[in-house]
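For the sequence shown, the residue numbers in mature numbering (1 follows the signal peptide of the UniProt record, and there is no 0) are -20 to -1, 1 to 209.
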Amino acid sequence: MKLLFVSLLVTSLVITAVHAQQFLPEMEFLSMQKPGYLITKDGQRLTVILEKIRRKKGAIEGLTVKTADGKSVEYNAADLQEMGFPPADAAKGIAALESVGSVYRAKNSNMNEIKRDMVNFYHEYLSDQQRDVLLQLLNPGFDNKIRVYHDPAAGQTSGVGFGPVMITGGLDKSYYIRKNNVAYRLRKGEYESKFKELYADCPALATKYPASAWRDFVRHVYDYDQACH
């Protein structure tokens, strides 16, 4: 009986998910067989195959690719504006399972986005770490005022669930964000103290959300983008 209840609950929330707003599920594994693209600092767009990624603290600092003429070329993050690669086939399955494995995430995810064919990264200079990186964008479509990027080193909140189905929890404890051309890591524990500063130019947001709960971060970013101009 309990299993039937959980199954019905998850099914209901997944159906609701199509109309809800949430960050894209991160994809850690990129295809090394299918072509992707790079856009260099001078605006040149190249079709390439990924060969190797160089990371520090989880974030991409450089990569090696094979160009159309078969040459291996190495790039640093500072050399690029943007890049995109198809996810590895396994990554698509993992992302789908992560999205429906948590009731919270399922309720707030756009399930159509799980099937995306390209994972996009953008160059940012992290002011708090003084380094250039390529970060995976999680909020396309509502990223005009604040860009939210995946933090590969982020932990997650604990959750409560029935078997494999998580009812609560599963929230990333940090993201990289960019506002006013300044990029840095935003942590869960800092959010309450930085809430007013982050949305200072949008008093309506403070009225709508008197409490600065981390679980509502995606809603704050979305409403800030849509309602505060």
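Don't be surprised by glycine CBs; every beta carbon is placed ideally from N, CA and C.
Quick caveat, the model's predicted, so the values are computed rather than measured.
Secondary structure of PHE122 (DSSP, three-state): coil. The beta-carbon distance between GLU41 and ARG127, rounded to whole angstroms, is 19 Å. This is too long to meet the 8 Å contact definition.
Of the residues VAL53, LYS168, CYS208, TYR202, the one whose Cα lies closest to the Cα of LEU4 is TYR202. Counting of Cβ neighbours within 10 angstroms places SER154 among the buried residues, the total reaching 16 or more.
Counting every other CB atom within 10 Å of its CB across the protein chains shown gives ARG158 a total of 16 or more, marking it as buried. The three-state secondary structure of LYS168, taken from DSSP, is helix.
Here GLY169 is exposed: its Cβ has fewer than 16 other Cβ atoms, across all protein chains shown, within 10 Å. By the Cβ neighbour-count rule, VAL162 is exposed, with fewer than 16 other Cβ atoms within 10 Å of its own.
According to the DSSP secondary-structure assignment, HIS130 is paired through a beta bridge with TYR155. Per DSSP, THR47 is not a residue of any alpha helix (DSSP H), being assigned neither H nor E. Put simply, the backbone Cα of GLN24 is about 8 Å away from that of LEU18. Around the Cβ of GLU177, a 10 Å sphere holds fewer than 16 other Cβ atoms; the residue is exposed. Annotated as proximal: HIS103 and ALA57, with beta-carbon spacing under 7 Å. For ALA39, the three-state secondary structure derived from DSSP is strand.
Per the DSSP secondary-structure output, ALA163 pairs in a beta bridge with LEU106, ARG158. Residue environment for GLN136: exposed (fewer than 16 other C-beta atoms within 10 angstroms of its C-beta). The criterion of a C-beta distance shorter than 7 Å is satisfied by PRO132 and GLY38.
Only buried fits GLY16, as 16 or more other CB atoms lie within 10 angstroms of its CB. For PHE101, the closest of TYR129, GLN13, GLN2, LYS174 by C-alpha to C-alpha distance is TYR129. Counting only residues of its own chain and dropping the five nearest sequence neighbours on each side, ALA184 has a CB closer than 7 Å to the CB of ALA207, CYS208.
Here LEU43 really is in contact with LYS32; their C-beta atoms are around 6 Å apart, less than 8 Å.
With a 10 Å radius around the Cβ and a threshold of 16 neighbouring Cβ atoms, ARG165 comes out buried. Cβ contact annotation for GLU172 (same chain, cutoff 6 Å, sequence separation greater than five): SER192, in chain order.
Excluding its 5 nearest sequence neighbours in each direction, ASP123 has C-beta neighbours in its own chain below 8 Å: LEU117, ASP205, listed in chain order.
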